[in-house]
Amino acid sequence: MTQPTPEPGATVAAEPRATSVAPPRKLLWWRFRKHRLAMAGLVVTGLFCFVAVFADFLAPYDSGHFNADYTYAPPQALKVVDTSGDGWDWGLYVNGYLSERDPDTLEQTFTVDESTRIPVRLFARGPSYELFGLFETDIHLIGPADPDGQPMYLLGADRLGRDLVSRIVHGTRVSMSVGLVGVAVAFVLGIVLGGVSGYVGGRTDTVIQRMVEFFMSLPTLPLWLGLAAAIPRDWGPLTRYFAITVVLSFVAWTGLAREVRGRFLSLREEDFVTAALLDGVGRAGIIFRHILPSLTSHLIATLTLSIPAMILAETALSFLGLGLQPPVVSWGVLLQEAQQIRVISSAPWLLLPGLAVVSVVLALNFLGDGLRDAADPYRR
Amino acid sequence: MTSQTNDARVAAPTGLEVGESVVLAIDDLRTHFRTEQGVVRAVDGVSLTVPRGKTVCVVGESGCGKSVTARSVLGLVDPPGRIEAGHIWWRPDPGTAPLDLAGLDPRGEPIRNIRGNQIGMVFQEPMASLSPMYTIGNQLTQAIRLHVNLSAKEARERAIAQLVRVGIPQPERRFDAYPFQLSGGMCQRAMIAIALACDPALLIADEPTTALDVTTQARILDLIRELQDETGMAVMFITHDLGVVAEMADEVVVMYLGTVVERGTVTDIFERPRHPYTQALLESVPAIGRGDRARLRTIAGMVPHPDDRPTGCPFHTRCRSAMPGLCDVTPPAAHDLGDGRVAACHLLDPDLPPSPTPAVAPVAIEITEPDHAVPPDPQIGDQPLLSVRQLRMHFPVTKGMFGRVAGHVRAVDDVDLDIHPGETLGLVGESGCGKTTLGRCIARALDPTGGQIHYQDPAGGRPVDLARLTNTQLHPYRREIRVIFQDPFGSLNPRKTLLQIIAEPLRNRWSGRADSAIEDQVAEMLRRVGLRPEYMRRYPHAFSGGERQRVNIARALITNPRLVIADEAVSALDVSVRAQILNLLRDLQDEYRLTYLFISHDLSVVEHLCDRVAVMYLGKIVEQTDTGALYAGPRHPYTEALLSAVPRPDPRLRDTGARIRLGDDLPDPADPPPGCPFHTRCPHRRLTRCDTEAPRLQDVTAGHAASCHYAGELALAGAAHTRGEHGA
Ligand code: SF4
Ligand code: SF4
Chain D
1 MTQPTPEPGA TVAAEPRATS VAPPRKLLWW RFRKHRLAMA GLVVTGLFCF
51 VAVFADFLAP YDSGHFNADY TYAPPQALKV VDTSGDGWDW GLYVNGYLSE
101 RDPDTLEQTF TVDESTRIPV RLFARGPSYE LFGLFETDIH LIGPADPDGQ
151 PMYLLGADRL GRDLVSRIVH GTRVSMSVGL VGVAVAFVLG IVLGGVSGYV
201 GGRTDTVIQR MVEFFMSLPT LPLWLGLAAA IPRDWGPLTR YFAITVVLSF
251 VAWTGLAREV RGRFLSLREE DFVTAALLDG VGRAGIIFRH ILPSLTSHLI
301 ATLTLSIPAM ILAETALSFL GLGLQPPVVS WGVLLQEAQQ IRVISSAPWL
351 LLPGLAVVSV VLALNFLGDG LRDAADPYRR
Chain G
1 MTSQTNDARV AAPTGLEVGE SVVLAIDDLR THFRTEQGVV RAVDGVSLTV
51 PRGKTVCVVG ESGCGKSVTA RSVLGLVDPP GRIEAGHIWW RPDPGTAPLD
101 LAGLDPRGEP IRNIRGNQIG MVFQEPMASL SPMYTIGNQL TQAIRLHVNL
151 SAKEARERAI AQLVRVGIPQ PERRFDAYPF QLSGGMCQRA MIAIALACDP
201 ALLIADEPTT ALDVTTQARI LDLIRELQDE TGMAVMFITH DLGVVAEMAD
251 EVVVMYLGTV VERGTVTDIF ERPRHPYTQA LLESVPAIGR GDRARLRTIA
301 GMVPHPDDRP TGCPFHTRCR SAMPGLCDVT PPAAHDLGDG RVAACHLLDP
351 DLPPSPTPAV APVAIEITEP DHAVPPDPQI GDQPLLSVRQ LRMHFPVTKG
401 MFGRVAGHVR AVDDVDLDIH PGETLGLVGE SGCGKTTLGR CIARALDPTG
451 GQIHYQDPAG GRPVDLARLT NTQLHPYRRE IRVIFQDPFG SLNPRKTLLQ
501 IIAEPLRNRW SGRADSAIED QVAEMLRRVG LRPEYMRRYP HAFSGGERQR
551 VNIARALITN PRLVIADEAV SALDVSVRAQ ILNLLRDLQD EYRLTYLFIS
601 HDLSVVEHLC DRVAVMYLGK IVEQTDTGAL YAGPRHPYTE ALLSAVPRPD
651 PRLRDTGARI RLGDDLPDPA DPPPGCPFHT RCPHRRLTRC DTEAPRLQDV
701 TAGHAASCHY AGELALAGAA HTRGEHGA
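The listed protein sequences correspond, in order, to chains D and G.
In this text, residue positions in the first sequence follow this note's numbering: the first is 1, and each later residue adds one.
In this text, residue positions in the second sequence follow this note's numbering: the first is 1, and each later residue adds one.
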């Protein structure tokens, strides 16, 4: 009886290379890191998430704070050093406004008054809020040193003299969370239905696929409009917010379901899945221990790529006045203010929420693309 | 590599003056890939010449740089690859001065003019090389009009003439066919038609038959030879298959890790190989018709990855005659041995002081492993371990939106098969004949449509019909019957460690977790298959194809099975690694008293390993008997044709005896021909019964069954008839 001795050199070098013992997650990260644009996307997305989480702290005012004296006040530049006097006077400040009312049109115009100084400080006291609903505080990252003095408008003010910085920051929270929550709902629907469809096959598959096709064949915008219009007007802002999220995810799950189904179908044919079957692994084991882990990286990529669509959809609906309603602020709600050409020409800063939309959508797209490229570290 | 050795190589009398008889001369070509992990020197100092009108075969294992060499000639190296140094002298016409292709811009006009016009090319995957969006005719006329100024009508006529020339039947109809409507063989013919559209002076064929069946391969090889005779073009033929080399080559270039280790005429290389690598390569191939079942000689280890190539002689890590202190330090120069033979090995250096090892004749070096005699077969019991009866596996063909069943593909159609304990049964046939489906039915990865699979536990008990058991009932039997998969990459879950992969069948029986007892068992198994137990925590991506196949074997054997179904288990492996795995399978069979069902399309491997062979055609077994009897005297015309199509690694056999070439490709298995399923291709077909009456599988002589009406009368040639002439 022979011992199948390892033939000399039949084995690879003894010292393990870092990659040989690296779990899949690490390989994915290594590949992802090489993708510059995606890394940038990750950083920007991370920033937006940070803003969304700490909105109360970061914004100088709360979203409803208004001051009718400062309608359409233009942005003020934040200055660090005052050289108007003699010598250098260090310290954060903004210049105040000189307001003038046109006697004929009654239109109020502001000019920046170089001579007045409104001191600004970090960790200033402002309106109080509850951080994470845990403890109450009134510390804000930045704000006028004297909370009862003149207000500051770093990015200008709107029709009611509300601070645009605060509104954008609060809007970030709402818009981002609509995207994330909506995708989460769509995700659950998509995975369950797509997975069942792909793994079970047969009649179930046909039924689910026809359903998906039906939903996909409906024109998206009218569907949203219809559903959004069906939400009773008298619902509270929070209920409405959830209703809108559900409406949005209703359309988004179909793409995910298709993706999941396709992957299930192709993975089911893979030899290693057959091998698991022959190893005596049960159906649940095959799905949860073999197929799903192989899917996760792709799913995360797909998810990331579908968040921007959600955000855009929310923005569009709110812009049309059918989505979220004031007093809830989202980017779409903010942009609604910038609907009139007259407003845009006199107060172009009201378009700034659009910039936020564009940057977050781009960042998420880059991030998703990078994830998708890195998703399969075993590509040959 | 120092510049000194560089010089030595260039200065070596490699016979590289670009004479009039040479179309292509590659001189010290270096093509490197600059990747983030470092520079991969895929081609590192290759010199070779292609004489006018001759066939030069470039042979080597995967990763040796043979394809990159060919692509360098064509200016088709994928980025980040670049030709770093060397010359590629191109002289299509003896009257003109040679042109250096290496100096041309790979995207420039001149090289594009040469590529496709003066040099034709054919690649491995015919389906992938043809655009699925255009018809064959469209692509062909495009190729013609790119280089010749012809009107659309003239181009069409010429294209059809080309299709006729490469033997495509009904060329007018096929002209408008899309690639997916044609079989692989037809596509490869179309590719050749495109490659030869402008009568090139050189055809570069990169593994053109590797993806094809042996019968199709034989005809494609014939075609290339015929066209060469007709046009006088030179052919640079790249392959890993030594049998194909022996059939095709005038001259042979053996490559290893980006360098040429030996060049010479085909007879010299096969009969008097001088380089240790060439010798070892030739020894590790089981040759059909030798009836040789001894252990194969192997080359230790595997081809190192080109990005960590050994210093000195690239082969020294695996060479049996490596001389420490020399081979691992200095790269050997190419030594001219006369008659255009060149080999790069220190043993052939005339100035080398005689070394203590018997250096001059490395042929004589004994291999270290015991060349043990094949042990007596374990008692083959009368009771078959597994007996398959009327097994049927039909796949419905659905049409339209509502999945109307339009017909059935009869992948396995009434198969009877007995497998006795301790034997190795080979199952052979072309791709699409149903052999893999049969294997999967027996393993119950598929639910057969009908029939029985009786499994008799050798420890006693009543036979069970596996075909009727549900998944849960099958559980105990899944440990008795295991499968080794073909694809070493797809069959291992990339997200699991070796421990998790191999222990998978064990974990369900006991606790959900892998405890230390299981770990010990896995470690032991890894050792048995020639891997280090420390590898347990690594992921499959850290291993080469050969090692993964060892993991596959370990997974199959961890449950201590009775029957192992090896589905093309060695097909994806390189020649030298294949020999290692075949030896391993043989050793494990002796050790664990295994029974194998060995499914393969490679008849020489089957002959080497199997006790009995069953031949499948269109879902049916057409012949079944002992290996010796089958190879010496086949009883079914299909077997005869298969055997005769196998290329043999012996150039002297090239023109002996007429080859049987099967016409037409496999009929549609959803609509098998009436009568004898083989009658559409059978060279011995007779009008009386063949196309109306289906033959049954019957014993012709005791223990030799064939399903042909004339099995008893026909005198069919086997593979072993050459044995007397060329005894090993
Ligand atoms: S140079 Fe040395 S290691 Fe290389 S092939 Fe010759 S004997 Fe073997
Ligand atoms: S039965 Fe006729 S067609 Fe079939 S294999 Fe025999 S001779 Fe050929």
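We put the CB at the ideal spot given by N, CA and C, even for glycine.
Please confirm whether A218 (chain G) and A719 (chain G) have their CB atoms less than 7 Å apart.
-> Counting from one through the second sequence, the residue named residue 218 (chain G) turns up at place 218. Counting from one through the second sequence, the residue named residue 719 (chain G) turns up at place 719. No, the Cβ-Cβ distance between A218 (chain G) and A719 (chain G) is not below 7 Å.
Would you decide whether D105 (chain G) is buried or exposed? Buried here means 16 or more other CB atoms lie within 10 Å of its CB.
-> Indexing the second sequence from 1 puts residue 105 (chain G) at position 105. Label assigned to D105 (chain G): exposed.
Indicate the three-state DSSP secondary structure (helix, strand or coil) for L643 (chain G) in the structure shown.
-> As a working mapping, residue 643 (chain G) is identified with position 643 in the second sequence. Three-state DSSP puts L643 (chain G) in a helix.
List in chain order: all unbroken beta strand (DSSP E) runs of 3+ residues lying wholly within the stretch 239-269 of chain G.
-> 251-256, 259-265
Do the stretch 530-537 of chain G and the stretch 549-565 of chain G make contact, defined as three or more Cβ pairs closer than 8 Å?
-> yes
Any non-hydrogen atom of ligand 2 within 6 Å of P667 (chain G) CB | Position 667 of the second sequence, counting from 1, holds the residue named residue 667 (chain G). Because no heavy atom of ligand 2 lies under 6 Å away, the Cβ of P667 (chain G) does not count as near it: no.
Please list the residues of the stretch 277-289 of chain D that have a C-beta atom closer than 9 Å to any C-beta atom in chain G, keeping them in chain order.
-> L277, L278, D279, G280, V281, G282, R283, G285, R289
Are the beta-carbon atoms of I565 (chain G) and M525 (chain G) separated by less than 7 Å?
-> Taking the first residue of the second sequence as 1, we reach residue 565 (chain G) at position 565. Taking the first residue of the second sequence as 1, we reach residue 525 (chain G) at position 525. For I565 (chain G) and M525 (chain G), no; Cβs fall outside 7 Å.
Would you say the stretch 249-269 of chain G touches the stretch 63-72 of chain G, given that touching needs at least three Cβ pairs under 8 Å?
-> Judged by Cβ distances under 8 Å, the stretch 249-269 of chain G makes contact with the stretch 63-72 of chain G, as three or more pairs qualify.
Would you verify that the beta carbon of N117 (chain G) is, or is not, closer than 7 Å to some beta carbon of chain D?
-> For this step, residue 117 (chain G) is matched to residue 117 along the second sequence. It does not; no Cβ of chain D falls within 7 Å.
Under the criterion of a Cβ to heavy atom distance below 6 Å, does H290 (chain D) qualify as lining ligand 2?
-> Counting from one through the first sequence, the residue named residue 290 (chain D) turns up at place 290. Remark: the shortest separation between the CB of H290 (chain D) and any heavy atom of ligand 2 does not fall under 6 Å.
What span of residues does the alpha helix (DSSP H) with V358 (chain D) cover, start to end?
-> Counted from its first residue, the first sequence places residue 358 (chain D) at position 358. In the DSSP assignment, V358 (chain D) falls within the unbroken alpha helix (DSSP H) covering 352-374.
D373 (chain D): contacting residues in chain G (beta-carbon distance under 9 Å) | Counting from 1 along the first sequence, the entry for residue 373 (chain D) is found at position 373. Near D373 (chain D) there are no residues of chain G at all, since even the closest Cβ is about 15 Å away, more than 9 Å.
Residues of its chain near R410 (chain G), where Cβ-Cβ distance is below 7 Å and the 5 sequence neighbours each way are ignored = Here residue 410 (chain G) corresponds to residue number 410 of the second sequence, with the count starting at 1. Cβ within range, chain order: H394, G619, P669, P672.
Give a yes or no on whether the C-beta atoms belonging to I300 (chain D) and L371 (chain D) are separated by under 7 Å.
-> Sequence index remark: in the first sequence, residue 300 (chain D) carries index 300 (1-based). Sequence index remark: in the first sequence, residue 371 (chain D) carries index 371 (1-based). Taking 7 Å as the cut-off, the Cβ atoms of I300 (chain D) and L371 (chain D) count as close.
For V266 (chain G) versus Y277 (chain G), is the C-beta spacing smaller than 7 Å?
-> If you number the second sequence from 1, residue 266 (chain G) lands on position 266. If you number the second sequence from 1, residue 277 (chain G) lands on position 277. Cβ distance not < 7 Å, so V266 (chain G) and Y277 (chain G) don't count as in contact.
Using a C-beta to C-beta distance shorter than 7 Å, which residues of chain D count as neighbours of E504 (chain G)?
-> Numbered from its first residue, the second sequence carries residue 504 (chain G) at position 504. Those within 7 Å of E504 (chain G) in chain D are A276, D279, V281.
Quick one: list the residues of chain G neighbouring E213 (chain D), beta-carbon separation under 7 Å, in chain order.
-> In the first sequence, counting from the first residue as 1, residue 213 (chain D) sits at position 213. Using a Cβ-Cβ cut-off of 7 Å, E213 (chain D) is close to nothing in chain G; its nearest Cβ partner there is about 11 Å away.
With distances taken Cα to Cα, identify the nearest neighbour of Q118 (chain G) among G:L203, G:F175, G:G86.
-> Walking along the second sequence from the start, residue 118 (chain G) turns up at place 118. Ranking G:L203, G:F175, G:G86 by Cα distance to Q118 (chain G) puts G:L203 first.
What span of residues does the alpha helix (DSSP H) with W29 (chain D) cover, start to end?
-> Counting from one through the first sequence, the residue named residue 29 (chain D) turns up at place 29. Here the alpha helix (DSSP H) through W29 (chain D) covers 24-33.
With a cut-off of 8 Å on the beta carbons, I'd call L603 (chain G) and L653 (chain G) a contact; round off their distance for me.
-> Your numbering for residue 603 (chain G) matches position 603 in the second sequence. Your numbering for residue 653 (chain G) matches position 653 in the second sequence. In fact, because the Cβ distance is near 15 Å, the residues do not count as touching under 8 Å.
Are P463 (chain G) and Q452 (chain G) closer than 7 Å when you measure CB to CB?
-> By 1-based counting over the second sequence, the position of residue 463 (chain G) is 463. By 1-based counting over the second sequence, the position of residue 452 (chain G) is 452. No, the Cβ-Cβ distance between P463 (chain G) and Q452 (chain G) is not below 7 Å.
Identify the contact partners of S294 (chain D) in chain B, using a Cβ-Cβ distance below 9 Å as the criterion.
-> In the displayed structure, chain B is absent; the protein chains listed are D and G.
Taking the alpha carbon of H704 (chain G) as the point to measure from, which residue in G:E423, G:E623, G:G663 has its own alpha carbon closest?
-> Translated into positions along the second sequence, residue 704 (chain G) becomes position 704. It is G:E623 whose Cα lies nearest to the Cα of H704 (chain G).
Spell out whether any CB of chain D is found under 7 Å from the CB atom of F33 (chain G).
-> Counting from one through the second sequence, the residue named residue 33 (chain G) turns up at place 33. So, not an interface residue.
Just mark I341 (chain D) as buried or exposed, buried being the case when its beta carbon has 16 or more other beta carbons within 10 Å.
-> If you number the first sequence from 1, residue 341 (chain D) lands on position 341. Burial call: exposed.
Between which two residues does the alpha helix (DSSP H) carrying R578 (chain G) extend?
-> Counting from one through the second sequence, the residue named residue 578 (chain G) turns up at place 578. Taken as a continuous stretch (DSSP letters only), the alpha helix (DSSP H) holding R578 (chain G) covers 575-592.
Do we get a CB-CB distance below 7 Å when we pair G262 (chain D) with the residues of chain G?
-> On the first sequence, position 262 is the one that residue 262 (chain D) refers to. By this cut-off, G262 (chain D) is not an interface position.
From this set, G:A300, G:L716, G:A85, G:V23, which residue's C-alpha is nearest G578 (chain G)'s C-alpha?
-> Here residue 578 (chain G) refers to the residue found at position 578 when the second sequence is read from its first residue. At residue 578 (chain G) the sequence reads Arg, which differs from the Gly that was named. The option with the nearest alpha carbon to R578 (chain G) is G:A300.
At a cut-off of 6 Å, is H346 (chain G) close to ligand 1 when judged by its beta-carbon and the heavy atoms of the ligand?
-> Looking up residue 346 (chain G) in the second sequence gives position 346. True, at least one ligand heavy atom lies under 6 Å from that Cβ.
What residues match up with S99 (chain D) in a beta bridge as DSSP calls it?
-> Along the first sequence, one-based indexing puts residue 99 (chain D) at 99. For S99 (chain D), which the question treats as bridged, DSSP gives the partners D:F110.
Please list the segments of the beta strand (DSSP E) lying wholly inside the stretch 187-248 of chain G, counting only runs of 3 or more residues, in order along the chain.
-> Qualifying beta strand (DSSP E) stretches, in chain order: 202-206, 234-239.
Nearest residue (CA-CA) to L27 (chain D), options G:I83, G:R495, G:A334, G:L74 = Within the first sequence, numbered from 1, the residue matching residue 27 (chain D) stands at position 27. Checked all of G:I83, G:R495, G:A334, G:L74; the closest Cα to L27 (chain D) is G:R495.
According to DSSP, residues forming a beta bridge with H709 (chain G) | Within the second sequence, the letter at position 709 stands for residue 709 (chain G). In DSSP, H709 (chain G) forms no bridge with anything.
Hey, does R295 (chain G) have any beta-carbon neighbour from chain D nearer than 7 Å?
-> By one-based count along the second sequence, residue 295 (chain G) stands at place 295. Judged by the 7 Å Cβ criterion, R295 (chain G) is not in contact with chain D.
CB-CB length for D213 (chain G) against E430 (chain G), believed under 8 Å = Here residue 213 (chain G) corresponds to residue number 213 of the second sequence, with the count starting at 1. Here residue 430 (chain G) corresponds to residue number 430 of the second sequence, with the count starting at 1. With a Cβ gap of about 4 Å, D213 (chain G) and E430 (chain G) count as contacting.
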